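Quick note, the sequence shown lines up with residues 2 to 306 if you use the numbering used here.
Even glycine gets a Cβ: it sits at the ideal position worked out from N, Cα and C.
All figures in this text were calculated on a predicted structure; none of them were measured in a lab.
Below you'll find the structure, written out as structure tokens, and then a few comments.
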Amino acid sequence: MVQTRKQSREKDEATAADQKAQDEAARNAQSPSKLASHHPLEKNHHRGQKHESGDEMVSDLKSAINNKASDGQGLQQQLHRILNKHKETPLQQLVDEKWPASKIVMVHILNALLSSTRISHHIALATLRCLVDEDYHDLKTLHESSWQERTEILTNGGYTHYRERTATYLGDLADLMRQKYGKILLRQSVRAFLHLCINHANHAYKDDDASKILSATEQGAKLRSILTGRLKEIKGLGPVGCDIFLATVQGFCPNVAPYLDRRNLDMAKKIGLTDDLEAIFEALRSSPMDMARLEEALTSERLDR
Numbered sequence: 002m003v004q005t006r007k008q009s010r011e012k013d014e015a016t017a018a019d020q021k022a023q024d025e026a027a028r029n030a031q032s033p034s035k036l037a038s039h040h041p042l043e044k045n046h047h048r049g050q051k052h053e054s055g056d057e058m059v060s061d062l063k064s065a066i067n068n069k070a071s072d073g074q075g076l077q078q079q080l081h082r083i084l085n086k087h088k089e090t091p092l093q094q095l096v097d098e099k100w101p102a103s104k105i106v107m108v109h110i111l112n113a114l115l116s117s118t119r120i121s122h123h124i125a126l127a128t129l130r131c132l133v134d135e136d137y138h139d140l141k142t143l144h145e146s147s148w149q150e151r152t153e154i155l156t157n158g159g160y161t162h163y164r165e166r167t168a169t170y171l172g173d174l175a176d177l178m179r180q181k182y183g184k185i186l187l188r189q190s191v192r193a194f195l196h197l198c199i200n201h202a203n204h205a206y207k208d209d210d211a212s213k214i215l216s217a218t219e220q221g222a223k224l225r226s227i228l229t230g231r232l233k234e235i236k237g238l239g240p241v242g243c244d245i246f247l248a249t250v251q252g253f254c255p256n257v258a259p260y261l262d263r264r265n266l267d268m269a270k271k272i273g274l275t276d277d278l279e280a281i282f283e284a285l286r287s288s289p290m291d292m293a294r295l296e297e298a299l300t301s302e303r304l305d306r
């Protein structure tokens, strides 16, 4: 009897142990993720995934930086080849650096005025040379010229289609420069002063200075905006003329840079550069003189096509 009870008790204990094992196995089967999260190897596996993802992000960033640097170097090389082929700045053959600033700026204004019409670049340049040879970039000479004299010089340059209208524009330009960028010197004697009052004339203008159209305090986009407003006051000088002036004068007035006229900016893109002006300027190491040379180079490339 005692043996039977003992056997029964042992049997019950074995059954209870089996049931406990089954229950635990069932719980484990229902929550595998919990077990996995507590497994040391599984933890290391997840950590490895995180580190791998972070490394990929760093690699992508380095790749992007290297690509940008490579693009910048490629642009520099392209620009270097172009500037080696075209080494002159705009109007370099016409302008003497020893001239007063007023004369130099006047050459750029005259160039913009002549080049902005529907006429060939070569005729505009030949006519500009005629005007410079006759000293019309000196405001005193321009003031004293007659409409007929201006017409004849324009004709000599081949500027026949627009000569009458342009001769008038040149007279208007002289008046504008005198009124906005010149000084009035009244004669000192009482008689001369009374004569001036009576006739509303007989006064002399001196120190007319075309370079006063440039602002000495502003630079970049703000200066270009100011200049555009002033240039628009010149009769016959439209948006194309303003574009030309800004692009060519930056070699003389560095604060205007960076600038390329719209036609040449389009040309830059066509020949495989970029139309991103700031990227071009950065590739040229922010050199206004090189920007001016590039303007001349792109003009030559455009006209040769």
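Thinking residue i and residue j are a contact (beta carbons under 8 Å), I'd like their distance in whole angstroms, please.
i: isoleucine 110; j: leucine 132; result: That pair is no contact at about 11 Å.
i: tyrosine 160; j: isoleucine 120; result: 7 Å
i: leucine 114; j: glycine 242; result: 6 Å
i: aspartate 116; j: histidine 122; result: A quick correction: the sequence has serine, not aspartate, at residue 116. Between histidine 122 and serine 116 the Cβ distance is about 7 Å, and since that is below 8 Å, they are a contact.
i: glutamate 135; j: threonine 152; result: With a Cβ gap of about 12 Å, glutamate 135 and threonine 152 do not count as contacting.
i: alanine 298; j: leucine 84; result: 6 Å
i: leucine 129; j: threonine 275; result: Not really, about 31 Å apart at Cβ, beyond 8 Å.
i: isoleucine 272; j: glutamate 302; result: 6 Å
Return the first residue and the last residue of the alpha helix (DSSP H) that residue i is part of.
i: phenylalanine 282; result: 278-284
i: valine 106; result: 102-116
i: glutamine 149; result: 148-157
i: glutamate 297; result: 289-305
i: leucine 224; result: 221-232
i: isoleucine 240; result: Just to set this straight, residue 240 is proline in the shown sequence, not isoleucine. Unbroken alpha helix (DSSP H) run through proline 240: 240-250.
i: leucine 126; result: 122-134
i: tyrosine 170; result: 164-182
i: aspartate 267; result: 263-271
i: lysine 236; result: It is not in any alpha helix (DSSP H) - lysine 236 carries neither H nor E in the DSSP assignment.
i: glutamate 98; result: First-last for glutamate 98: undefined, no H or E at that position.
i: glutamate 145; result: 140-145
Keeping to the same chain, check which residues put their C-beta closer than 6 Å to that of residue i; ignore five residues upstream and five downstream.
i: aspartate 262; result: Asp244, Ile245 and Ala248
i: serine 103; result: Asp210, Ala211 and Ser212
i: arginine 286; result: none
i: methionine 107; result: His138 and Ala211
i: tyrosine 163; result: Thr118
i: leucine 304; result: His122
i: leucine 278; result: Pro259
i: aspartate 267; result: none
i: isoleucine 105; result: Val96 and Phe253
i: arginine 306; result: none
Whose C-beta lies closer than 7 Å to the C-beta of residue i among residues of the same chain, with five residues either side of it excluded?
i: cysteine 254; result: Leu215
i: glycine 314; result: Absent from the structure is residue 314, since the part of the chain shown begins at 2 and ends at 306.
i: alanine 168; result: Trp148, Arg151, Thr152 and Leu155
i: arginine 231; result: Ile214
i: leucine 126; result: none
i: arginine 82; result: none
i: lysine 63; result: Note on lysine 63: pLDDT 44, under 50, position unreliable in the model; the coordinate value appears next. No residues qualify anywhere along the chain.
i: methionine 178; result: Leu140, Asp209 and Ala211
i: threonine 300; result: Asn265
i: lysine 270; result: Asp276
Quick one: residues in its chain with C-beta nearer than 8 Å to the C-beta of residue i, no 5 flanking neighbours on either side, listed in chain order?
i: lysine 88; result: Arg294
i: glutamine 79; result: Gly273 and Leu274
i: glycine 158; result: Ile124, Ala127, Thr128, Leu129, Arg130, Cys131 and Leu132
i: glycine 86; result: The identity of residue 86 in the sequence shown is lysine, whereas the question assumes glycine. Around lysine 86: Ala298.
Closer than 8 Å, CB to CB, is residue i near chain D or not?
i: serine 117; result: Among the chains in the structure shown there is no chain D, since it carries only a single protein chain.
query = Is the number of C-beta pairs between the region 159-176 and the region 224-238 that are closer than 8 Å three or more?
reply = yes
message = Any contact between the region 257-275 and the region 283-300? By contact I mean 3 or more CB pairs, one from each, below 8 Å.
response = yes
request  = Spell out a yes or no on whether the region 210-229 and the region 262-271 are touching, meaning 3 or more CB-CB pairs, one atom from each, closer than 8 Å.
outcome  = no
message = I want to know whether the region 74-94 touches the region 215-223 - three or more CB-CB distances under 8 Å.
response = no
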